[in-house]
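Undergrad: Once you've had a glance at the structure underneath, I'll fire off some questions.
Residue numbers (this note's numbering): 32 to 814.
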């Protein structure tokens, strides 16, 4: 039988190899560049030497650093020329690169929550990616999105089931925003436990070594997944990948957890005895090309051979520091560390990892091993941990951390894996030890049924709801536009908002004081165009820290946009929210709440006491505590004025300027709720200050009555003198001036009598008149 010739492919020449490595040097998409590029200097397969030239080095440097055009400018087109050299063979190639301009500066007003549902999600594979949206700007209330129309079942937005890819499971999603803000990356674990029939030891010794990467520019149109094998066969798993941007080096630090083994014989690896999880890191600029991984946290926390290590790290930057949360598998607790400098970001916690990799470092590696730039927040021994009050133990893992969009407040949600889902804490500082954070409780609200079956932070708090069955995920602050895009693209519940308005319909700011019982206004947005109003509404309230009350009355008819509902306000602090249902989501099956709105009621006016003693005004103003309330609104202002003069701030005592006339003083005190009290008092005038000095003299044997007038007033005065001997008028005697008149009697003597003075003047635009009398003695000019 004739032998057929065997065709053996010819080995590529050095020139062909150089050309191949030249044209494949850039792995990332170059048609829409929004960050730094990886420009390798060594070929990936044959080791060609690569050098680079740029037609616009101010836009793309030969190091790969990208400077994007300013927002509003045109995109920049740059030609990158690569030269590959291998054993004397030289190849060149060009890349036409388009660099997209910078985005607008963004304001974050909403949140998104990426999570998976666990293994068995009601008889289906829950190891896929779900995306939930906050109810407004509230980090405690969430909508699950992507509901099957007419049902209470939400579907994942990303899944590896049809067609099957990887292990057909996605867990531990980390949703991040790119450094410049206009691209999103979602990293996930390539792991499926649902109906796989394997043990956790198997999954950590022969598991996937891939991390899964999705990209999107708008959070709804996602790329096909990239399965990036970041570990070689020494690793038994790659779990919980996350990324954090280093602005100093212009790259992302990507970290995950892996068990490492001394051999690469995966098929024959003993699955009954695992190693221990290290936290591993690699760097990337584009989530396509990654550096070789190294161990970042290397602590064997086993007391024997339990395979306990450190897993589930996540990070946040706050107040000039970087904080890292990590699960310690010994004790199933989450610890908090910090560094002050970016230079310490890559410091290794624990001994250096070298081959052959150690599978057990018995005895246990203490948390104080190999101190480095990372410092424990709280007790260095790890006792300052997040702990559920009253619970001794419990498997806490998969922490996520984020900052409030409005307040200086930080939130940590931790997956209580052995207790049904996330629990939450908050703090006004990341520097506070975990055991000093405020515990907020666990949400079980988003379940089938009515709110009487729902728990909340406490019996006095509003209802709050995490997504349905969230497991190990991440929260991302987003813009209003991004949030609306997600709500509109995926079938989401009708978004109902409750707001406080006055009885006249004027908006009331959140958590402010009012002086009349307000109303609750109802508005909603139907992002999916169903045209349906909420199926029903009912009121949930709280007053002065008392127990939450749920109205027994359910409103099912007359539900219209902008309608208002009465509230049962009491003096003091109040909050209100609406429970409702979306008829398009299976009737009563999906429990929904609005974000609670807080307001404070104070209908008690201030108490004011005002009195005058001489020219001294004394004022006392207080804001009494309303009956049954723990606090009042407090005085906002207290002012007084004299007659129609300018208003001035009250003081305990004020000396008023003298005036000839009586004047009315008005005092007005207003509290922060708008209640006002007005009182008046009178300060008596001093009158016109005119003196009359009377004297008698004899002239040629006749008595003459002499009157000298003195004007001590501050204004000119008119004076009319009346006596038994006649009258005399004076006009405009100046302030501080004198006037004299002598009454001739033509008599040798006259008896004692009285002189009448009618004094008038213009004071503050008004004519003031007063009458004075002056006695004079008898006179006798007989010799």
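Ideal Cβ positions, reconstructed from N, Cα and C, are used throughout, including at glycine.
Could you name the residues that DSSP lists as bridge partners for residue 217?
TA: Answer by DSSP bridge pairing, in chain order: 206, 245.
Undergrad: Quick one: what's got a C-beta closer than 8 Å to residue 780's C-beta in the same chain, skipping five residues either side?
TA: 734, 809, 810, 811, 812, 813
Undergrad: Using a threshold of 8 Å, state whether the C-beta atoms of residue 212 and residue 134 are closer than that.
TA: yes
Undergrad: Whose C-beta lies closer than 6 Å to the C-beta of residue 91 among residues of the same chain, with five residues either side of it excluded?
TA: 85, 97, 109
Undergrad: Could you pull the start and end residues of the alpha helix (DSSP H) that residue 518 belongs to?
TA: 511 to 520
Undergrad: Looking at residue 237 and residue 267, is the spacing between their C-beta atoms short of 8 Å?
TA: yes
Undergrad: Enumerated in chain order, which unbroken segments of the beta strand (DSSP E) with a length of 3 residues or greater are wholly contained in the region 740 to 779?
TA: 748 to 754, 757 to 764, 769 to 775
Undergrad: Within 10 angstroms of its Cβ, does residue 282 collect 16 or more other Cβ (buried), or is it exposed?
TA: buried
Undergrad: Would residue 279 pass as a contact of residue 308 if the rule is Cβ separation under 8 Å?
TA: no
Undergrad: Provide the residue(s) that pair with residue 341 in DSSP beta bridges, ordered along the chain.
TA: 359
Undergrad: Would you check if the region 611 to 631 and the region 539 to 548 touch, i.e. whether three or more CB-CB distances between them fall below 8 Å?
TA: The count of Cβ pairs closer than 8 Å, one atom from the region 539 to 548 and one from the region 611 to 631, reaches three, so the stretches are in contact.
Undergrad: Residues bridged to residue 800 by DSSP?
TA: 791
Undergrad: In whole angstroms, what is the alpha-carbon distance linking residue 634 and residue 651?
TA: Between residue 634 and residue 651, the C-alpha separation is close to 20 Å.
Undergrad: Thinking C-alpha only, which one of 804, 795, 112 is nearest residue 784?
TA: 804
Undergrad: Mind listing, in chain order, the continuous beta strand (DSSP E) runs of no fewer than 3 residues lying wholly within the region 589 to 660?
TA: List check, beta strand (DSSP E) in window: 595 to 597, 603 to 612, 628 to 632, 638 to 644, 647 to 653.
Undergrad: Cβ atoms of residue 452 and residue 363: under 8 Å apart, would you say?
TA: Contact flag unset, no.
Undergrad: Residue 497 to residue 144, Cα distance in whole Å?
TA: 9 Å
Undergrad: Whole angstroms is fine: what's the gap from residue 83's alpha carbon to residue 147's?
TA: 43 Å
Undergrad: DSSP has residue 276 in a bridge; who is on the other side?
TA: 283
Undergrad: To the nearest angstrom, how far is the alpha carbon of residue 386 from that of residue 303?
TA: Residue 386 and residue 303: Cα-Cα distance of roughly 22 Å.
Undergrad: Can you tell me where the alpha helix (DSSP H) with residue 110 in it begins and where it stops?
TA: No alpha helix (DSSP H) holds residue 110; the beta strand (DSSP E) holding it covers 107 to 117.
Undergrad: By the three-class DSSP mapping on this structure, what secondary structure does residue 51 have?
TA: helix
Undergrad: Under a Cβ-count criterion, where at least 16 other Cβ atoms within 10 Å of its own Cβ denotes burial, should residue 555 be classed as buried or exposed?
TA: Buried, because 16 or more other Cβ atoms sit within 10 Å of the Cβ of residue 555.
Undergrad: Would residue 265 and residue 220 qualify as a contact pair, given that the criterion is a beta-carbon distance under 8 Å?
TA: no
Undergrad: Going by DSSP, what residue range makes up the alpha helix (DSSP H) through residue 233?
TA: 231 to 236
Undergrad: List the DSSP bridge partners of residue 313.
TA: 285
Undergrad: Determine the DSSP secondary structure at residue 482, reduced to helix, strand or coil.
TA: The pLDDT assigned to residue 482 is 38, lower than 50, so where the model puts this residue is not dependable; a value taken from the coordinates is nonetheless given after this. Three-state result, residue 482: helix.
Undergrad: Where does residue 125 sit, in a helix, a strand or coil, going by DSSP?
TA: DSSP places residue 125 in strand when its eight states are reduced to three.
Undergrad: Using a threshold of 8 Å, state whether the C-beta atoms of residue 175 and residue 163 are closer than that.
TA: yes
Undergrad: Please report how far the alpha carbon of residue 679 lies from the alpha carbon of residue 692, in whole angstroms.
TA: Approximately 21 Å between the Cα atoms of the pair.
Undergrad: From residue 161 to residue 150, what distance separates their C-alpha atoms?
TA: 13 Å
Undergrad: Tell me which same chain residues have a C-beta within less than 6 Å of the C-beta of residue 569, skipping the five on either side of it?
TA: Excluding positions up to five away in sequence, the list reads 582, 585, 610.
Undergrad: Return the CA-CA distance between residue 42 and residue 118, expressed in angstroms with no decimal places.
TA: 15 Å
Undergrad: Report yes or no: do three or more beta-carbon pairs, one from the region 125 to 134 and one from the region 151 to 160, lie closer than 8 Å?
TA: no
Undergrad: Less than 8 Å between the CB atoms is what I'm expecting for residue 319 and residue 59, so what's the real figure, rounded?
TA: 5 Å
Undergrad: Name the residue from 707, 704, 708, 671 whose alpha carbon lies nearest to the alpha carbon of residue 694.
TA: For the residues 707, 704, 708, 671, the minimum Cα distance to residue 694 belongs to 671.
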